[in-house]
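S.K.: Starting off with a structure, shown below.
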Amino acid sequence: MKSYIIKTFGCQMNEHDSEILAGMLEAKGYRPTEDTGTADLVLLNTCCIRATAENKVFSYLGRLKSRKRSNPAMIIGVCGCMPQQEGMGARLRQLFPYVDMIFGTHNVQQLPIFIDRILAERKPVLEILTEPDEIMEGLPAARKEGLRAWVTITHGCDNYCTYCIVPYVRGRERSREPDDIIKEMLGLAGDGFKEIVLLGQNVNSYGKDFKKPLDFAGLLKKLDGVSGIERIRYMTSHPRDFNEELIRTIARLGKVCEHFHLPVQSGSSRILEKMHRGYNREHYLRLVEKIRQYIPAATITTDIMVGFPGEDDGDFRATMDLIREVRFDSSYTFVYNARPGTPAAGMTEQVPDEIKKQRIQDLIKLQNTISMEKNEEEEGSQQEVLVEGESNIGPGLLYGKSRGNKTVVFAGDKTLTGSTAHVTITRAHLAYLEGLLIKQ
Ligand code: SAM
Ligand code: SF4
Numbered sequence: 030m031k032s033y034i035i036k037t038f039g040c041q042m043n044e045h046d047s048e049i050l051a052g053m054l055e056a057k058g059y060r061p062t063e064d065t066g067t068a069d070l071v072l073l074n075t076c077c078i079r080a081t082a083e084n085k086v087f088s089y090l091g092r093l094k095s096r097k098r099s100n101p102a103m104i105i106g107v108c109g110c111m112p113q114q115e116g117m118g119a120r121l122r123q124l125f126p127y128v129d130m131i132f133g134t135h136n137v138q139q140l141p142i143f144i145d146r147i148l149a150e151r152k153p154v155l156e157i158l159t160e161p162d163e164i165m166e167g168l169p170a171a172r173k174e175g176l177r178a179w180v181t182i183t184h185g186c187d188n189y190c191t192y193c194i195v196p197y198v199r200g201r202e203r204s205r206e207p208d209d210i211i212k213e214m215l216g217l218a219g220d221g222f223k224e225i226v227l228l229g230q231n232v233n234s235y236g237k238d239f240k241k242p243l244d245f246a247g248l249l250k251k252l253d254g255v256s257g258i259e260r261i262r263y264m265t266s267h268p269r270d271f272n273e274e275l276i277r278t279i280a281r282l283g284k285v286c287e288h289f290h291l292p293v294q295s296g297s298s299r300i301l302e303k304m305h306r307g308y309n310r311e312h313y314l315r316l317v318e319k320i321r322q323y324i325p326a327a328t329i330t331t332d333i334m335v336g337f338p339g340e341d342d343g344d345f346r347a348t349m350d351l352i353r354e355v356r357f358d359s360s361y362t363f364v365y366n367a368r369p370g371t372p373a374a375g376m377t378e379q380v381p382d383e384i385k386k387q388r389i390q391d392l393i394k395l396q397n398t399i400s401m402e403k404n405e406e407e408e409g410s411q412q413e414v415l416v417e418g419e420s421n422i423g424p425g426l427l428y429g430k431s432r433g434n435k436t437v438v439f440a441g442d443k444t445l446t447g448s449t450a451h452v453t454i455t456r457a458h459l460a461y462l463e464g465l466l467i468k469q
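Using our numbering, you'd call the opening residue of the sequence shown number 30 and step up by one each time.
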């Protein structure tokens, strides 16, 4: 039997695409391996959100050169966001002539055809579609074992934030039909999955491309009724499209968890405007207030960027003040990186690296202090934990996530795996909460 490795770079979207690529390979008779020395196929599913992500791909491909020399039959492929950038497919071809296939984000489903072609003709494949086709349904996905499964609800992005390359490499926004989503969720429930994470670059603009009146709140109402699924999460929400009606719906629905990942990017309205985010600081703070009004125990997390062109000390102070005011449970923090072809890359006033470095350090320090305090606030509370298995923190310990998406570790029997445990939080750590199982 032939073997494959898929190396994934980037976000959950890419991770989930890799599950589909793996599903197609397994349907073709390939089995997974970890050993690049013996693999028949090595596929790199790439990311281009920052230069560091691309550099990792370049160096991985460099390392594969000697493998290919000792095993010329091995098929090497590069797919995903990187080749989808203008001119990048040809550049990869030129830099790494031993790569057998290069394709983008819009023709993932052609992987089996490309492999057959390479095996029959031994000629390299370079095929990148500039426009997405209609959404492909029914592709097999080889998901990782566990309780949590990703389900895409929207593809692409129409927002064109001025720093971001995603709309150029993922195409226009397309929503999946609710019936297709429900069918997939029912299948996942049948396979033993308990928690679904709905994926999209901007999940709450779901349905804008439909003729029928169905929005994200309406979709959540439908999905909350899918039997066998116990929890529903979603990534990522856009503050511009988040409204009070959606917050009220989330507060009401039993399966939709009380965790809001709302990327703010900056606390300065001036910078938010330059980023083309479509909201200002006041709108964001009002949203947070509404979330806490309807769901006082909600956890709120965010993405924040420092060093966007023109960000001065005052703008950065506004970001730090916003962090203090909102008190996020945690944040993904980013240093702005110019992406070729995006409007921000051509803006004057790029922020010097030393300043970016100092700002990110200050920001992480502040966020860590707040994250620890927020975790301490949970001490004494009772949490519902969906138990995922044995923790590697110590023997006899289990771990799982609270509804607020925090990792909870507690002593218990591993037969609890897959069930919901009630746990009293006894001690906070920066990365997780320690607790005591409440006997039922
Ligand atoms: N669609 C999501 C949203 O709008 O919040 C974000 C998806 S993006 C893959 C994840 C994060 O990467 C963004 O929230 C942003 O903070 C960061 N990011 C995007 N472009 C970037 C760039 N050019 N430099 C640094 N960080 C960037
Ligand atoms: Fe990028 Fe903005 Fe789209 Fe998010 S919403 S993927 S940051 S363009």
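Every residue gets a Cβ at the ideal spot worked out from N, C-alpha and C, and that includes glycine. Small disclaimer: the values here were computed from a predicted structure and weren't measured.
Looking at C-alpha atoms only, which residue of 270, 406 and 286 is the closest neighbour of residue 308?
M.R.: Closest option to residue 308, Cα to Cα, is 270.
S.K.: Using 8 Å as the Cβ pair cut-off and three pairs as the minimum, do the segment 150-162 and the segment 232-244 touch?
M.R.: In short, these stretches do not touch, since the Cβ pair count stays below three.
S.K.: Quick check: the Cα distance between residue 177 and residue 263, rounded to an integer number of angstroms?
M.R.: Their Cα atoms are separated by approximately 12 Å.
S.K.: Ignore the nearest five residues each way along the sequence and tell me which others in residue 303's own chain have a CB closer than 8 Å to its CB.
M.R.: Closer than 8 Å at the Cβ level, and outside the excluded window around residue 303, lie 191, 337, 338, 339, 373 and 376.
S.K.: How many whole angstroms separate the CB atoms of residue 313 and residue 268, which I take to be in contact at a CB cut-off of 8 Å?
M.R.: Confirmed, Cβ separation roughly 5 Å.
S.K.: When the Cα of residue 455 is compared with those of 255, 410, 446 and 428, which residue comes out closest?
M.R.: It is 410.
S.K.: Output the distance between the C-alpha atoms of residue 90 and residue 65, rounded to the nearest integer angstrom.
M.R.: Taking the straight line joining both Cα atoms gives about 12 Å.
S.K.: Quick check on DSSP: helix, strand or coil for residue 248?
M.R.: In this structure, residue 248 counts as helix in the three-state DSSP scheme.
S.K.: If we ignore side chains and look at the alpha-carbon of each, how far apart do residue 291 and residue 147 end up?
M.R.: Computed Cα separation, rounded: 44 Å.
S.K.: Assess contact between the segment 203-210 and the segment 80-99, defined as three or more Cβ pairs (one per stretch) separated by less than 8 Å. Is contact present?
M.R.: The segment 203-210 vs the segment 80-99: no contact.
S.K.: Terminal residues of the continuous beta strand (DSSP E) containing residue 108?
M.R.: Counting along the chain, the beta strand (DSSP E) containing residue 108 begins and ends at 104-109.
S.K.: Please find out if some non-hydrogen atom of the ligand SAM comes closer than 7 Å to the beta-carbon of residue 40.
M.R.: True, at least one ligand heavy atom lies under 7 Å from that Cβ.
S.K.: Going by alpha carbons, who is nearest to residue 223 out of 453, 428, 396 and 417?
M.R.: Looking at the Cα atoms, 417 is the closest of the given residues.
S.K.: Going along the chain, which residues of its own chain have a beta-carbon closer than 7 Å to the beta-carbon of residue 213, five neighbours each way excluded?
M.R.: Hits under 7 Å: 180.
S.K.: Ends of the alpha helix (DSSP H) at residue 298?
M.R.: Segment 298-304, the alpha helix (DSSP H) holding residue 298.
S.K.: Can you name, in chain order, every residue of its own chain whose Cβ lies under 7 Å from the Cβ of residue 306, other than the five neighbours on each side?
M.R.: Contacts found: 190, 269 and 294.
S.K.: For the ligand SF4, I want to know if residue 404 counts as a neighbour, meaning its beta carbon is within less than 7 Å of at least one of the ligand's heavy atoms.
M.R.: No.
S.K.: Apart from the five residues on each side of it in sequence, which residues of its chain come closer than 7 Å, Cβ to Cβ, to residue 138?
M.R.: Cβ neighbours of residue 138 beyond the five flanking positions: 165 and 168.
S.K.: Once the 5 residues before and after residue 259 are set aside, which same chain residues still bring their CB inside 6 Å of it?
M.R.: If we look at residue 259 and ignore the five residues flanking it on each side, its Cβ neighbours are 223.
S.K.: Taking residue 371 as the reference, which of 197, 218 and 76 has the closest Cα?
M.R.: Taking only the C-alpha atoms, the option nearest residue 371 is 197.
S.K.: If you draw a straight line from the C-alpha of residue 296 to the C-alpha of residue 107, how long is it?
M.R.: Residue 296 and residue 107: Cα-Cα distance of roughly 37 Å.
S.K.: Taking 6 Å as the limit, tell me which residues put their C-beta closer than that to any heavy atom of the ligand SF4, in chain order.
M.R.: Going along the chain, the residues that qualify are 186, 188, 189, 190, 193, 195, 196, 230, 231 and 267.
S.K.: What is the DSSP secondary structure of residue 225, reduced to helix, strand or coil?
M.R.: Residue state, collapsed to three classes: strand.
S.K.: Please classify residue 61: does DSSP put it in a helix, a strand, or coil?
M.R.: Residue 61: strand per DSSP, three-state reduction.
S.K.: Are the CB atoms of residue 398 and residue 358 within a distance shorter than 8 Å?
M.R.: Cβ distance not < 8 Å, so residue 358 and residue 398 don't count as in contact.
S.K.: Distance, Cα to Cα, residue 174 vs residue 441?
M.R.: About 21 Å.
S.K.: What does a CB cutoff of less than 8 Å around residue 69 pick up in its chain, not counting 5 residues either side in sequence?
M.R.: Closer than 8 Å at the Cβ level, and outside the excluded window around residue 69, lie 31, 32, 33, 59, 102, 103 and 104.
S.K.: Sorted by chain position, which residues of the same chain lie with C-beta nearer than 7 Å to residue 20's C-beta, five sequence neighbours on each side aside?
M.R.: A question about residue 20 goes unanswered here, because the residues of the chain that appear run from 30 up to 469.
S.K.: Name the two residues that bound the continuous beta strand (DSSP E) containing residue 430.
M.R.: 426-430 is the span of the beta strand (DSSP E), which, as asked, contains residue 430.
S.K.: What's the gap between the Cα of residue 125 and the Cα of residue 39?
M.R.: Computed Cα separation, rounded: 21 Å.
S.K.: So for residue 460, helix, strand or coil by DSSP?
M.R.: Coil, per DSSP.
S.K.: So residue 96 is in the alpha helix (DSSP H); what residue range does that whole segment cover?
M.R.: Counting along the chain, the alpha helix (DSSP H) containing residue 96 begins and ends at 80-99.
S.K.: Would you kindly check if the distance between the Cβ of residue 385 and the Cβ of residue 335 is under 8 Å?
M.R.: Yes, the Cβ-Cβ distance between residue 335 and residue 385 is below 8 Å.
S.K.: Give me the residue from 279, 237 and 217 with the minimum Cα distance to residue 201.
M.R.: Taking only the C-alpha atoms, the option nearest residue 201 is 237.
S.K.: Run through DSSP, which three-state label would residue 117 get?
M.R.: Of the three classes helix, strand and coil, the one that applies to residue 117 here is helix, per DSSP.
S.K.: DSSP state of residue 332, grouped into three classes?
M.R.: Three-state DSSP puts residue 332 in a strand.
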